[in-house]
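Trainee:
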Amino acid sequence: MTALPTRKLEAFRYADIDALSSVWEQLAAPRSIQIAAHKKVQQIWLPNGNDIEVRRAEITLEAGAEMSLFALNNARDYGRIELDVTLREGSHFTFNAANIGAGESNLEIVTTVRHDAPSAVSRQVVRSVLGGKAVGSYLGKVAVARDAQQSDGEQSVKAMLLDRGATANCKPELEIYADDVKCAHGATVGELDPNQLFYAMSRGLDPASAKALLLEGFVMGLWDDAEGSDAICEAARAALKVVTA
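In our numbering, the protein residues as written are 83 to 327.
(1) Would you tell me roughly how many angstroms separate the C-alpha atoms of VAL325 and ILE99, rounded to the nearest one?
(2) Return the chain-ordered ranges of every beta strand (DSSP E) run that is complete within the region 105-140 and spans a minimum of 3 residues.
(3) The alpha helix (DSSP H) with VAL263 in it runs from where to where?
(4) For the alpha helix (DSSP H) that contains ASP198, what are its first and last residues?
(5) Do the region 247-265 and the region 283-292 meet, that is, are 3 or more Cβ pairs less than 8 Å apart?
(6) Report the three-state DSSP secondary structure of GLY213 (helix, strand or coil).
(7) Along the chain, where does the beta strand (DSSP E) containing GLY235 start, and where does it finish?
(8) Check THR326 in the structure and name its three-state DSSP category.
(9) Would you give the residue range spanned by the beta strand (DSSP E) that GLU164 belongs to?
(10) Using 8 Å as the cut-off, can you tell me whether the region 270-283 makes contact with the region 295-307, which would need three or more C-beta pairs spanning the two stretches below that distance?
(11) With distances taken Cα to Cα, identify the nearest neighbour of LYS121 among GLU148, LEU91, GLY131, SER104.
(12) If you pair each beta-carbon of the region 202-209 with each one of the region 173-181, do three or more pairs fall below 8 Å?
(13) Decide yes or no for the touch test of the region 219-235 against the region 116-136: beta carbon pairs closer than 8 Å, at least 3 of them.
(14) Using a Cβ-Cβ cutoff of less than 7 Å, which residues in the same chain neighbour ALA269 once the five nearest sequence positions on both sides are dropped?
(15) Assuming ILE182 contacts LEU322 under a Cβ cut-off of 8 Å, what Cβ separation, rounded to an integer in Å, is found between them?
(16) Let me know if ARG328 comes out buried or exposed under the rule of 16 or more other beta-carbons within 10 Å of its beta-carbon.
Listed below in structure tokens is the structure:
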């Protein structure tokens with residue numbers, strides 16, 4: 083195992099190094115996932131209920147392969163999802179994930195998606211809901227190689243802060259060496275719309291229920307396309323109840 087990282091490394095800029103140190107020696111190498119050419123795969127990553135959870139994967143999609151990955155990150159103290167994805171010609175990668183944290187939790191999603199060949203498509207959608215003094219971070223890089231013409235990559239990152247002590251860090255990044263590409267990213271951080279909240283309460287909902295309803299609308303759409311999404315939706319609703327309590 084390599085030495086414990088520091089915040090001088092970009093991928094660990096916002097990490098809870100103290101929490102990470104307690105599990106660092108036990109961490110295996112990133113899980114290797116190989117998707118064969120023209121194969122379609124879906125995975126749903128659910129939290130295990132541990133105070134500290136770190137999940138890392140190196141994923142390669144061969145030509146024409148498709149992968150959809152849906153994830154919920156809401157460890158009580160420190161949660162990190164780390165992906166390094168390589169796309170071959172004509173492959174398609176979709177990543178939809180949420181950070182939902184309360185108290186003093188520190189939640190990170192760190193991705194590198196490498197378009198190494200022509201005509202690959204990547205879509206990343208990340209939503210964060212943060213209360214108390216929670217910190218939610220997304221650091222995502224899309225790297226397009228010189229020969230990867232007609233690449234198509236998008237990142238959409240939005241965070242909702244419920245308390246003054248909560249913090250969101252968003253850093254989508256594009257590194258493009260090809261000239262015939264379609265790549266875009268966007269990041270926003272905001273609060274619940276008071277007008278929408280007032281409307282929900284005017285319909286008879288108490289403040290906590292009104293918040294939960296609006297936040298469900300903000301998050302749950304991430305998993306509309308997931309087969310067997312009941313478990314991740316149920317886990318997300320439980321996490322939102324904790325955040326809005």
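Glycine included, every Cβ here is placed at the ideal spot set by N, Cα and C. Please read all numbers here as calculations on a predicted model, not as lab measurements.
Mentor: Reading it off the structure:
(1) Each residue's CA atom was taken as its position, placing VAL325 and ILE99 some 24 Å apart.
(2) For the region 105-140, whole beta strand (DSSP E) runs of length 3 or above, ordered along the chain, are 113-117, 122-127.
(3) VAL263 -> no alpha helix (DSSP H), and no H or E assigned at all.
(4) Premise fails: ASP198 is in no alpha helix (DSSP H) and is neither H nor E.
(5) Taking a cut-off of 8 Å for Cβ pairs, the region 247-265 and the region 283-292 do not touch, as fewer than three such pairs fall below it.
(6) In the structure shown, the three-state DSSP call for GLY213 is coil.
(7) DSSP places GLY235 inside the beta strand (DSSP E), whose first and last residues are 234-243.
(8) Helix.
(9) It spans 160-169 - the beta strand (DSSP E) in which GLU164 sits, taken as one unbroken run.
(10) As far as the Cβ criterion goes, the region 270-283 touches the region 295-307, which means the pair count is three or higher.
(11) Residue GLU148 holds the alpha-carbon nearest to the alpha-carbon of LYS121 among GLU148, LEU91, GLY131, SER104.
(12) Because the criterion of three Cβ pairs below 8 Å is met, the region 202-209 and the region 173-181 touch.
(13) Short answer: they don't touch.
(14) Within the same chain, and ignoring the five residues on either side of ALA269 in sequence, the residues whose Cβ sits closer than 7 Å to its Cβ are VAL239, CYS252, PRO254.
(15) Between the beta-carbon of ILE182 and that of LEU322 there is about 6 Å, and that keeps the pair under the 8 Å contact cut.
(16) Residue coverage of the chain in this structure runs from 83 to 327, which leaves residue 328 outside it and unanswerable.
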